[in-house]
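Going by this note's numbering, the first residue of the sequence shown is number 7, and it counts up by one from there.
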Amino acid sequence: MIKVSKFLAMSAIVASALTMIVGCQSKSGPKKITIGFSQVGAESEWRTANTVSIKQAATDFGINLQFSDAMNRQENQIKAIRSFIAQKVDVIAFSPTTTSGWETVLQEAQRAKIPVILLDRGVDVKDESLYVTLMGSDFKVEGERAGNWLVEYMNSKGRGNETINVVELQGTVGSDPAIQRKAGFDEVIKKYPNYKVIRSQTGDFTRALGKEVMEAFLKAEGKNIHVLFAHNDDMAIGAIQAIEEYGLKPGQDIIIVSIDGVKGAFEAMIAGKLNCTVECSPLLGPQLMQAAIDLKNGKTLPRRVLTEEGVFPAEVAAKEFPNRKY
Ligand code: AHR
């Protein structure tokens with residue numbers, strides 16, 4: 007049997023180990039790390055899964071999360087960040103709506119000595135010391151993967167030398183994923199002069215706007231459209247509805263490739279209405295919490311933490327569906 011004194015000594019060791027894990031100590035017990043997180047909004051299935059991942063991970067890691075939804079507005083994010091600074095949180099994290107316009111508020115965070123983590127999306131700032139790390143996907147590679155899949159698919163169908171007219175539904179104007187996915191896709195497509203992007207417009211990453219813009223594309227181009235490249239699955243799902251209402255078959259009359267890999271996209275692929283989704287994982291919560299703990303413990307984080315992702319064509323959708331976590 008363990009003696010009381012021995013038991014107390016062991017408890018003290020466990021308590022101090024726990025303190026090390028969460029990174030700070032107070033007389034009344036380990037003080038929880040507080041993260042202030044400013045989320046873009048709730049524009050897509052991806053974003054909802056990302057929010058769930060962050061909230062769940064905060065609970066699992068015993069972190070106090072101050073969560074703020076910016077409703078797709080940069081000014082709301084700036085306000086939230088200022089309020090996190092005033093509250094003296096331990097770490098500020100956010101997924102920026104757009105890449106530009108962050109210098110001033112990030113300098114304020116730096117002056118307050120609060121480290122900033124960029125989650126999911128990057129910013130365009132001259133002084134890179136304004137944030138400690140960017141954790142998330144390589145959006146340019148995602149665009150390239152969409153382009154490469156398309157070219158291979160068309161070749162496999164014997165359509166490699168045909169004129170291929172592509173319409174593009176872009177994400178939120180000025181956002182990191184919209185800029186990079188476009189760049190990656192264009193870089194691949196421009197190697198093949200028979201591929202032409204005949205229309206390109208923002209659908210703001212939402213189903214509603216994806217549908218609306220696709221309706222306009224169809225009105226202007228009709229059966230001239232061979233391919234839709236959508237910067238996310240939600241816009242593709244909205245566009246699928248527009249294509250059906252127009253009297254065409256999505257996935258057959260118009261080949262569709264989009265990005266994210268949400269369950270809705272797998273359902274559309276199983277129904278034969280979407281041809282491919284390029285994965286972009288929203289499950290970033292645990293690595294954000296771990297990063298906050300590491301920072302508190304004085305560790306230096308890598309400047310860039312990349313998420314590993316795949317490509318899922320319709321042929322594998324039914325088999326993969328049960329494994330999807332978002
Ligand atoms: O930043 C990630 C992108 O934002 C996702 O692809 C999109 O669905 C979301 O709204």
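Quick reminder that beta carbons are idealized off the backbone N, C-alpha and C, glycines included. As the structure is a prediction and not an experimental result, all values here were calculated from the model.
query	result
Ordered along the chain, which non-local residues of its own chain (more than five positions away) have a Cβ less than 6 Å from that of residue 84?	111
So, is residue 222 buried or exposed, given that buried needs 16 or more other C-beta atoms within 10 angstroms?	exposed
Are there any heavy atoms of ligand 1 lying less than 6 Å away from the beta-carbon of residue 211, as far as the coordinates show?	yes
Expressed to the nearest angstrom, what Euclidean distance is found between the alpha-carbon atoms of residue 331 and residue 267?	10 Å
Under 6 Å from any heavy atom of ligand 1, does the C-beta of residue 238 make it?	yes
Taking the alpha-carbon positions, what's the residue 215 to residue 324 distance?	28 Å
Am I right that residue 295 and residue 115 are in contact with their C-beta atoms under 8 Å? What's the rounded C-beta distance?	The Cβ separation is near 19 Å, so there is no contact.
Does ligand 1 have even one heavy atom less than 6 Å from the beta-carbon of residue 52?	yes
Do residue 103 and residue 72 have their C-beta atoms within less than 7 Å of each other?	no
Less than 6 Å between the CB of residue 117 and some heavy atom of ligand 1, yes or no?	no
Measure the Cβ-Cβ separation of residue 275 and residue 175 and say whether it is below 7 Å.	no
Is residue 49 near ligand 1, with its Cβ less than 6 Å from a heavy atom?	yes
Can you list, in chain order, the residues of its chain whose CB lies under 6 Å from that of residue 282, leaving out five sequence neighbours each side?	155, 263 and 319
Would you give the residue range spanned by the alpha helix (DSSP H) that residue 225 belongs to?	213-227
Quick one: which unbroken alpha helix (DSSP H) runs of 4-plus residues sit fully inside the stretch 255-286? Chain order, please.	269-276
Is it buried or exposed for residue 321, if we count other Cβ within 10 angstroms and need 16 for buried?	exposed
Hey, out of 43, 152 and 66, whose CA is closest to residue 239's CA?	152
Below 8 Å CB to CB, which residues in the same chain sit around residue 45 once its five sequence neighbours on both sides are set aside?	53, 56, 57, 60, 73, 74, 75, 76, 100 and 101
Report buried or exposed for residue 209, applying the criterion of at least 16 other Cβ atoms within 10 angstroms of its Cβ.	buried
List the endpoints of the continuous beta strand (DSSP E) containing residue 310.	310-312
Answer yes or no: the CB of residue 282 versus the heavy atoms of ligand 1, is any distance below 6 Å?	no
State the CB to CB distance for the pair residue 139 and residue 123, rounded to an integer number of angstroms; the pair is presumed to be in contact (CB under 8 Å).	6 Å
Do you know how far the Cα of residue 304 is from the Cα of residue 159?	49 Å
What residue from 202, 179, 190 and 48 has the CA that sits closest to residue 168's CA?	202
Less than 6 Å between the CB of residue 127 and some heavy atom of ligand 1, yes or no?	yes
Between residue 266 and ligand 1, is the CB less than 6 Å from at least one heavy atom?	yes
In this structure, does DSSP put residue 142 in helix, strand or coil?	strand
Looking at the structure shown, is residue 325 part of a helix, part of a strand, or coil, going by DSSP?	helix
Cα-Cα, which of 285, 273 and 193 is closest to residue 265?	285
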